[in-house]
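Everything on this sheet refers to the single structure shown next.
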Amino acid sequence: MLLVFGILIGMGLSLQTLINSCLRSYSQSPFVASLISFSVGTLFLTLLLWFYPHSSALSFSHLSYFPYWVWIGGALGVIALTTNILLFPYLGGLQTAIMPILGQIIMGLIIDQFGWFNSLAHPINAMKLLGIIFVLSGIFCAVVLPELRQLIRSTQQNKMIWLWRSLGIIAGMLSAAQASINGELGHLLQSPLQAAWVSFSVGTLILLLWVIYQGKLPTLGQLPFGKMPIWVWTGGLLGGIFVFGCSLLVPQIGTGQTVISTLLGMILAGLIIDHFALLNAPQRKIKPIQLLGILMLLVGVIFIRQG
């Protein structure tokens, strides 16, 4: 059931990406759109804390004993998000999605192998290694193979391409580290909900300061609210659920399994969105090789879980 939950929140995150891209078209600024998304997520998590009294108060008397790094999850999330925004013009949508996925898998496995961020160690064994091979093969079939010519062409035309790809991988590694850090913060606070709220609040504050520094804050009042559909505001809500879900899952199944199960959900939802052209997305019919990739991903997740 935990893996199913990971797949579901991953599907929600894929939907959030599409919603936030629509929000950017109205705000005319990726950072303003991100600020709105983070603010909505923070508000949503604040309301959840309000309705759950047992999680409504942080234990400030104990905070000084926490390791300093448990507070940087929100900052890592903002860096990862901003990096992806900046990479898009250089890599395009496909590679901007693929490189962070590779980074998340790599970092998730490293964290599990060595027990970083006080997480439970889940060393790699033969079963997990077989699962990793299936996962990588599934990603290749579902995402890379249908656009292989584009990848080869971009490599030939841009000699700086590997620098941008490396930054994408690093962004994915930071995202996986954020999930693990938030999981440990949730353990220390004895509340994954509080950990998600702290992460989103820190991210919102950082984005607010950046938007003010850029002089973009006045654009918030210029948004065409009357023309914006209601669903365009729900990206932050889905993001809040995702961060809360990861904070809940990491202490129980480890960073690697959390990352891979959510990635399966993200890719599955992405294919569904493209196939049915949901929320005005460009239509791209699902190909048989992509269905094979999803099946291989699912088998890989099961092998890693059993390992």
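Per our numbering, the very first residue in the sequence shown carries number -18; after that it's consecutive. Note that beta-carbon positions come from the ideal geometry of N, C-alpha and C, so glycine has one too. None of these values were measured; they are calculated from a predicted model.
Contact between the region 267 to 277 and the region 115 to 124 is present, with at least three C-beta pairs closer than 8 angstroms. Shown here, residue 263 sits in coil according to DSSP, grouped into three states, outside any helix or strand. Excluding residues up to 5 positions away in sequence, 235 lie with their Cβ nearer than 7 angstroms to the Cβ of residue 101 in the same chain.
A distance of 9 angstroms or more separates the beta carbons of residue 175 and residue 184.
When the Cα atoms are used, residue 30 and residue 24 turn out to be separated by approximately 10 angstroms. Under the three-state reduction of DSSP output, residue 197 falls in the coil class, being neither helix nor strand. In the three-state DSSP reduction, residue 53 falls in the coil class, being neither helix nor strand. Bounds of any alpha helix (DSSP H) do not take in residue 122, whose DSSP letter is neither H nor E. Counting only unbroken stretches of 4 or more residues, the alpha helix (DSSP H) elements lying wholly within the region 212 to 265 are 216 to 234, 236 to 257, in sequence order. A straight line joining the alpha-carbon of residue 188 with that of residue 21 spans about 13 angstroms.
Here residue 153 is near residue 82, since their CB atoms are less than 9 angstroms apart. DSSP, reduced to helix, strand and coil, places residue 10 outside both helices and strands of the structure shown, so it counts as coil.
In the same chain as residue 262, and ignoring 5 residues on each side of it, the C-beta atoms closer than 8 angstroms to its own belong to -1, 254, 255, in chain order.
A check of alpha carbon separations from residue 146 across 50, 113, 128, 76 identifies 76 as the nearest. Here the alpha carbons of residue 219 and residue 159 stand approximately 17 angstroms from one another. Here residue 163 is buried, its C-beta having at least 16 other C-beta atoms within 10 Å. Residue state for residue 173 is assigned as helix, using DSSP reduced to three classes.
5 is the residue among 27, 226, 26, 5 whose C-alpha sits nearest the C-alpha of residue 17. Shown here for residue 232: same chain residues with a beta carbon closer than 6 angstroms to its own, the five before and five after excluded, namely 164, 168 in chain order.
The C-alpha of residue 252 lies about 18 angstroms from the C-alpha of residue -15.
Rounded to whole angstroms, the separation of the alpha carbons of residue 134 and residue 143 is 13 angstroms. Shown here for residue 246: same chain residues with a beta carbon closer than 8 angstroms to its own, the five before and five after excluded, namely -13, -12, -11, -10, -9, -8, -7, -6, -5 in chain order. Per DSSP, reduced to three states, the secondary structure at residue 100 is coil, with no helix or strand assignment. Assignment of residue 210 by DSSP, reduced to helix, strand and coil, places it in the coil class. Contact annotation: residue 117 and residue 86 have beta-carbon atoms nearer than 9 angstroms. Shown here for residue 80: same chain residues with a beta carbon closer than 6 angstroms to its own, the five before and five after excluded, namely 146, 149, 150 in chain order. For residue 4, the three-state secondary structure derived from DSSP is helix. Taking the C-beta atoms as reference points, residue 156 is found nearer than 9 angstroms to residue 61.
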